[in-house]
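Engineer:
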Amino acid sequence: MKRILVTGGAGFIGSNFVRYVATNQSEIHITVLDKLTYAGNQANLPVSNKVELVVGDICDADLVERLVQKSDAVIHFAAESHNDHSLTNPAPFVQTNIVGTYTLIEACRKFDVRYHHVSTDEVYGDLALEDSQKFTPETPYNPSSPYAATKASSDLLVKAWVRSFGLRATISNCSNNYGPYQHIEKFIPRQITNILNGQRPKLYGDGKNVRDWIHVEDHSRAVWLILTNGQIGDTYLIGAEGEADNKTVLATILTLMQQSPEAYEPVADRPGHDLRYAIDATKLKEELGWQPQFTDFRSGLESTIEWYRKNRKWWEKEKIAVEKLYTQRKQ
């Protein structure tokens, strides 16, 4: 591979992947296709003559075809991804996550370009809190929210295109990411920036909902490994055995920021809030030799807090608008 196309490459996970490839695969030219919605930020991208930004929509078939035709591989990160927004207005999720994916895989089919589809563990629904079970590539899909349903739909499109048309594709479903450049509407950066602004952080409901946390850099390494060594047609689950409930995560953030672990405000729970996610990444580890490097969640949180502390200019302008929206929702 000499040229890759990364959709959503100016967003949180996509930009970290671009940075990872730019740092570790200097011979590769990276074209980023991003609509630069509120979640995309050109400042997230590394300054490099090997990284080119094209501002555009993945639903624009003519643009997508032009870019795919010049690429050796497409890595598809672009998505509407916020559950709360999907509950308020599902339409953009259907358009971007389903129609956008269709547009990309059709172009990759036409020009026989390698395709990797980045998805989420939320397509599987949730697990019981008291259960020891984890998601595997064989777990049936059971999405709970419009966001998860549209991601599940996009996954199924890719699977069908592999079987029906021979699309050279792989899929990865990853657990909850954290790290630098994550938009402040998300749980961890929202709480960090609240505390930095002297506001009390917020906790949905009783905070018992469990998520399986992974540092975004570990996710980036896994995606690159799957792209270059994964079995065509296969699905790989990416997780770092980082299960923790939301209350524990928030208490850890508060403690690391020299606050009382009880110094938070309970807010109304999200409708249909999934109870527990947990990833079994055995296949990824055994077949491709991947291992997470950020295995200490507490130290990973500490470095993430420090990044937001040092990069106030990156998030300050949007903070008021984000909190105003949450206030309207009583969250």
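The UniProt record's numbering numbers the first residue of the sequence shown as 1 and each following residue consecutively.
Note that CB positions come from ideal geometry on N, CA and C, so glycine has one too.
1. What residue range does the alpha helix (DSSP H) around Glu106 cover?
2. For Arg109, which residues of its own chain have a beta-carbon under 7 Å away from its beta-carbon, when the five flanking residues on both sides are left out?
3. Suppose contacts are defined by Cβ-Cβ distances below 8 Å. Is His116 in contact with Ile226 by that definition?
4. Take Ser179 as the anchor and find which of Pro143, Asn197, Glu217 has the nearest alpha-carbon.
5. Could you check if Arg309 is buried or exposed, using at least 16 other CB atoms within 10 Å of its CB as the buried criterion?
6. From the DSSP output, which residues share a beta bridge with Glu52?
7. Would Val21 be called buried (16 or more neighbouring beta carbons within 10 Å of its own) or exposed?
8. Measure the Cβ-Cβ separation of Ile58 and Ala78 and say whether it is below 8 Å.
9. Provide the residue(s) that pair with Trp213 in DSSP beta bridges, ordered along the chain.
10. Can Leu63 and Ala10 be called in contact, C-beta distance under 8 Å?
11. Pick out the complete beta strand (DSSP E) segments inside the stretch 114 to 142, 3 residues or longer, and give them in chain order.
12. Since Leu157 and Tyr102 are thought to touch, with beta carbons under 8 Å apart, how far apart are those beta carbons, to the nearest angstrom?
13. Assuming Asn209 contacts Asn246 (C-beta within less than 8 Å), just tell me the rounded distance between them.
14. By Cβ distance, which residues of its chain are closer than 8 Å to Pro271, with the 5 residues on each side in sequence left out?
15. In the structure shown, what three-state DSSP assignment does Ala43 receive?
16. What is the residue span of the beta strand (DSSP E) that Val94 lies within?
17. Return yes when the Cβ of Pro92 is within less than 8 Å of the Cβ of Glu106, no when it is not.
18. Give me, in chain order, the residues of the same chain whose beta-carbon lies closer than 8 Å to that of Val322; leave out the 5 immediate sequence neighbours on both sides.
19. Rank Trp315, Thr327, Leu275 by C-alpha distance to the C-alpha of Phe12 and give the top, closest one.
20. Are Lys283 and Pro46 closer than 8 Å when you measure CB to CB?
21. When you compare only the Cα positions, how much space is there between Ile188 and Arg211?
22. In or out: Lys313 buried (at least 16 other Cβ within 10 Å) or exposed?
Structural biologist: In brief:
1. 100 to 111
2. Trp161, Phe165, Leu167
3. Cβ distance < 8 Å, so His116 and Ile226 count as in contact.
4. Strictly speaking, residue 179 in this sequence is Gly, with Ser absent from that position. Ranking the options by Cα distance to Gly179, first place goes to Glu217.
5. exposed
6. For Glu52, which the question treats as bridged, DSSP gives the partners Thr31.
7. buried
8. yes
9. Asn176
10. no
11. 114 to 120
12. 6 Å
13. 5 Å between Cβ atoms; contact.
14. Leu87
15. helix
16. Counting along the chain, Val94 falls outside any beta strand (DSSP E), and DSSP gives it neither H nor E.
17. no
18. Ile184, Glu185, Arg190
19. Trp315
20. no
21. Note on geometry: alpha-carbon atoms of Ile188 and Arg211 lie some 12 Å from one another.
22. exposed
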